[in-house]
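Read through the structure below, which is laid out as structure tokens, and then see the notes.
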Amino acid sequence: MGASSSSVNDSDFEKEVLQSSTPVLVDFWAEWCGPCRQIGPIVEEIAGEMAGKLKVVKVNIDKNPETPQKYGVRGIPTLILFDKGQQKSVKVGALPKSKMVEWIESQVA
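The working numbering numbers the first residue of the sequence shown as 13 and each following residue consecutively.
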């Protein structure tokens, strides 16, 4: 088994995401969001499969309102790829795993 995603909050977002040496996929989600629960296992699989070249974290928007607001997250699930502290690419809505992997691989060298 590879790595799994970890939860980050408003206070450790900068350290865990913006200061990360590897690219980071941030999954903005909430307990009440059906599509978020639908892609949750896919996000976990990707975290395991891409361990070492991609860090995967989850931000619960209900418990951490500052970070999604800062990055303009309006609908969830929203996936944002960060690299070297910069927001690189955004996908909103549930994606099938193949599309998610394709998107990540196109962004992460």
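Cβ atoms here follow ideal geometry from the backbone N, Cα and C, with glycine treated the same way.
Remember, it's a predicted structure, so these values are computed and weren't measured experimentally.
| Check | Outcome |
| --- | --- |
| According to DSSP, is threonine 79 helix, strand or coil? | helix |
| Starting from lysine 153, trace the alpha helix (DSSP H) in both directions and tell me its first and last residue. | Not covered by the structure: residue 153. The range shown for the chain is 13 to 121. |
| Can you say whether proline 108 is buried or exposed, counting buried as having 16 or more other CB atoms within 10 angstroms of its CB? | exposed |
| Spatial neighbours of cysteine 48 within its chain, please: C-beta separation below 7 Å, excluding the five flanking residues on both sides. | Trp41, Ala42, Ile88 and Pro89 |
| Just verifying my parser: in three-state terms, what is the DSSP assignment at valine 104? | strand |
| Just how far apart, CA to CA, sit glutamate 28 and glutamine 50? | 25 Å |
| What three-state label does DSSP hand methionine 13 in the structure shown? | Note that methionine 13 scores 43 on pLDDT, short of 50, meaning its location in the model is unreliable; the coordinates nonetheless yield the value given after this. The answer is coil: DSSP assigns methionine 13 none of H, G, I, E or B. |
| On the DSSP bridge assignment, give the partners of leucine 30 in chain order. | None, per the DSSP bridge assignment. |
| How is the alpha helix (DSSP H) around tryptophan 44 delimited, first residue to last? | Counting along the chain, tryptophan 44 falls outside any alpha helix (DSSP H), and DSSP gives it neither H nor E. |
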